[in-house]
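Structure first, commentary second.
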Ligand SMILES: C[S@@+](CC[C@H](N)C(=O)[O-])C[C@H]1O[C@@H](n2cnc3c(N)ncnc32)[C@H](O)[C@@H]1O
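In the numbering used here, the protein residues as written are 70 to 272.
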């Protein structure tokens, strides 16, 4: 979906996915250390990046939507934390390498033509020993109609992620049916895939 699509969604009143962090990200709180660096990929209106900043992490929030990033900065100010933001198209971004302790990729659905490449960039952006935390919708989500892309080409399965992320230590990889309550656009029973991956030390 285009930058214009996301700018227009984020120009609506309120926060499309709410102001509270994604539950799966929160469930991985034990992996986060205050004072370390996090990259919030395709962070939208910033609910996840701001929450990471509230945990004491130094956060770079990236998204293609300037409207979303403005709301991210607003949310950070409301919560009394600082956050760095960068507007970019991730498919052409010069991704940092070996820089982050955590990469959070929550409901970013790349088309199949670039998905594996984007996933490799996420791992490359991690320091050795850093962790990637990812949640996305699976094709089964097309039956639920409770949010996410309606395009099969952008939906992920555990097998796809197993292939894309062969290079790390998988701490968790699961498909699940879960109840989402994330603002007006993610609401109800949903089919998701979740991954926690540790980049090998020295890798
Ligand atoms: C469903 S929203 C999720 C936002 C946020 N991660 C969350 O969970 O609240 C998808 C986000 O991906 C961003 N996005 C999609 N493709 C992108 C790209 N190529 N480069 C940068 N951002 C992109 C959109 O702008 C949008 O903010």
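Glycine is no exception: its CB is placed at the ideal position from the N, C-alpha and C atoms.
Discussion item. Whole angstroms are fine: how far does the CA of residue 217 sit from the CA of residue 71?
Written reply: 14 Å
Practice prompt. Tell me, please, which residues DSSP counts as bridged to residue 99.
Written response: Answer by DSSP bridge pairing: none, since residue 99 is not bridged.
Practice prompt. Inspect the beta-carbon positions of residue 130 and residue 112 and report whether they are closer than 7 Å.
Written response: yes
Fill in: Terminal residues of the beta strand (DSSP E) in which residue 130 lies
127-132
Worksheet item: By DSSP, does residue 58 sit in helix, in strand, or in coil?
Response: Because the chain here runs from 70 to 272, residue 58 falls outside it and cannot be looked at.
Practice prompt. Out of 229, 232, 214, point me to the one whose CA is closest to residue 259's CA.
Written response: Of the candidates 229, 232, 214, the one whose C-alpha sits nearest the C-alpha of residue 259 is 214.
Discussion item. Pop quiz: residue 137 and residue 251 are said to be a contact at Cβ under 8 Å. What is the actual Cβ separation, rounded to whole angstroms?
Written reply: About 15 Å separates the two Cβ atoms, so there is no contact after all.
Discussion item. At 3 residues or longer, what runs of the beta strand (DSSP E) sit wholly inside the stretch 153-233?
Written reply: 153-156, 169-175, 195-206
Item to complete: Take every Cβ of the stretch 142-150, pair it with every Cβ of the stretch 163-178, and state whether three or more of those distances are shorter than 8 Å.
Response: no
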